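Heads up, the final residue of the sequence shown is numbered 405 in the working numbering, and it's a clean run with no missing numbers. Just so you know, even glycine gets a beta-carbon here, dropped at the ideal spot from N, CA and C. The structure presented is a predicted model; accordingly, all values stated were derived computationally and were not measured. Working notes, beginning with the structure itself.
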Amino acid sequence: MAKTVKTIGVLTSGGDAPGMNAAIRAVVRAAIAKGIKVKGIMRGYAGLLQEEIIDMEGTSVSDTINRGGTILYTARCTEFTTAEGQALGAEICRKHGIDGIVVIGGDGSFRGAGKLSALGINTIGVPGTIDLDIACTEYTIGFDTAVNTAMDAIDKVRDTSTSHERCSIIEVMGRHAGYIALWCGIANGAEDILLPERYDGDEQMLINRIIENRKKGKKHNIIINAEGIGHSASMARRIEAATGIETRATILGHMQRGGTPTCKDRVYATIMGAKAVELLAEGKSNRVVAYKNGAYVDFDIQEALAMTKDIPEDQYNISKLMSR
Ligand code: ADP
Ligand code: F6P
Numbered sequence: 082m083a084k085t086v087k088t089i090g091v092l093t094s095g096g097d098a099p100g101m102n103a104a105i106r107a108v109v110r111a112a113i114a115k116g117i118k119v120k121g122i123m124r125g126y127a128g129l130l131q132e133e134i135i136d137m138e139g140t141s142v143s144d145t146i147n148r149g150g151t152i153l154y155t156a157r158c159t160e161f162t163t164a165e166g167q168a169l170g171a172e173i174c175r176k177h178g179i180d181g182i183v184v185i186g187g188d189g190s191f192r193g194a195g196k197l198s199a200l201g202i203n204t205i206g207v208p209g210t211i212d213l214d215i216a217c218t219e220y221t222i223g224f225d226t227a228v229n230t231a232m233d234a235i236d237k238v239r240d241t242s243t244s245h246e247r248c249s250i251i252e253v254m255g256r257h258a259g260y261i262a263l264w265c266g267i268a269n270g271a272e273d274i275l276l277p278e279r280y281d282g283d284e285q286m287l288i289n290r291i292i293e294n295r296k297k298g299k300k301h302n303i304i305i306n307a308e309g310i311g312h313s314a315s316m317a318r319r320i321e322a323a324t325g326i327e328t329r330a331t332i333l334g335h336m337q338r339g340g341t342p343t344c345k346d347r348v349y350a351t352i353m354g355a356k357a358v359e360l361l362a363e364g365k366s367n368r369v370v371a372y373k374n375g376a377y378v379d380f381d382i383q384e385a386l387a388m389t390k391d392i393p394e395d396q397y398n399i400s401k402l403m404s405r
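What follows is the structure, encoded as structure tokens:
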């Protein structure tokens, strides 16, 4: 028989993402509507191990749906990657009467969620990362806000780049995943997009294209470079030396992680947060909420973590066609 969950804990873990507050709000309000108590766990797994646990009411999440960041704060916690840390985490949950947890974060956070679940604490993951790099889901909370923030910033760089007839290398976030770079590359009409999944390091090819583009009459040359490739400043120096065209590097950085969440992020976060509570109320554990083929679904955490995802080749090819 399904175990009845009486008290749900909610935490955010790993890199923050706009829309995490909307997800927390949804967990709190969906749980309270079912007569389930909610406790907020501050600073991810680190706060769990420090017993930074607060009671949450419906009003605890008032005025948060529109706020970036996470009201529960977030952290990375090495201690929780150890068996002792995980056992302590489960023990603290029991001590505080927490029999279900919603973990809002990325793959690393879901690994931790799987461990808690194996230790008898019903646990559900909600995908929250600007990187869109969780294989089981077509959407991750924060991506839409991050790409729109980056797109606006790149438009601004493009204005000055055109005025000065320069080449601009703009570095966007994504250490292992090029989704932000690909989307901005398409949305901003970049001449080249360097993705961690695809770039072969052929800088001469970039240089040749910049020279060709200038001959064609292009006034600027925007190269979107993903963080995982990096080295934007030194790349700019080499390109300027080889082409004679003034080249500047701009690293957008953590501004992409902040700001007011877009409508899309608020809505997906709200539905995913509420779905996580439904799963816990049904007695389920070790699941990740996902969005796939137009529907909200859920997967076993280990199966989800074993899935792989790659940049869609057709989208990458279309981006290249547009930059001719
Ligand atoms: P994300 O969740 O965004 O992928 P991280 O990879 O930094 O971010 O993971 C967030 C946290 O999840 C880590 O600091 C750690 O506390 C926990 N975590 C990551 N991997 C594991 C693991 N294998 N076992 C237990 N906890 C983990
Ligand atoms: O996972 C989100 C992300 O912003 C990545 O794109 C980036 O590589 C990483 O987090 C940076 O994390 P930190 O907060 O440690 O700078």
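Where does Asn374 sit, in a helix, a strand or coil, going by DSSP?
Three-state DSSP puts Asn374 in coil, outside helix and strand.
Please list, following the chain, all residues that have a C-beta closer than 6 Å to any non-hydrogen atom of the ligand ADP.
With the cut-off at 6 Å, the residues found are Ser94, Gly95, Gly96, Tyr126, Arg157, Cys158, Phe161, Thr162, Gly186, Gly187, Asp188, Gly189, Ser190, Arg192, Gly193, Lys196, Thr210.
Beta-carbon separation of Glu132 and Ile179 under 8 Å?
The answer is no: Cβ separation not under 8 Å.
Between Ile352, Arg405, Met403, which lies nearest to Pro208 when the distance is taken from Cα to Cα?
Per the Cα distances, Ile352.
Taking its Cβ as the centre, do 16 or more other Cβ atoms sit within 10 Å of Met101, making it buried, or is it exposed?
So Met101 counts as buried.
From the DSSP output, which residues share a beta bridge with Ile134?
Paired residue(s): Ile122.
Spatial neighbours of Arg290 within its chain, please: CB distance less than 7 Å, with the 5 preceding and 5 following residues excluded, ordered by chain position.
Same-chain partners within the cutoff: Glu272, Asp273.
Report yes if the C-beta distance between Ile267 and Ile251 is below 8 Å; otherwise report no.
Contact flag unset, no.
Which runs of the beta strand (DSSP E) at least 3 residues long sit entirely within the region 213-278? Give them in chain order.
Those beta strand (DSSP E) runs which fall completely within the region 213-278 and span 3+ residues are 248-253, 273-275.
Hey, would you say the C-beta of Arg338 is under 7 Å away from at least one heavy atom of the ligand F6P?
For the ligand F6P, at least one heavy atom lies less than 7 Å from the Cβ of Arg338.
Please confirm whether any heavy atom of the ligand MN lies closer than 7 Å to the CB of Gly255.
The ligand MN is not part of this structure, which contains only the ligand ADP and the ligand F6P.
When the Cα atoms are used, what is the spatial distance from Ser141 to Ala112?
Their backbone Cα atoms lie some 13 Å apart in a straight line.
Closest to Glu293 by CA distance: which of Ser404, Cys158, Ile105, Arg110 is it?
Checking every option, the nearest Cα to that of Glu293 belongs to Ser404.
According to DSSP, is Asn147 helix, strand or coil?
In the structure shown, Asn147 sits in coil (DSSP, three-state: anything other than H, G, I, E or B).
Taking the alpha carbon of Ala357 as the point to measure from, which residue in Phe380, Gly375, Thr341, Ala216 has its own alpha carbon closest?
For Ala357, the nearest C-alpha among the options comes from Phe380.
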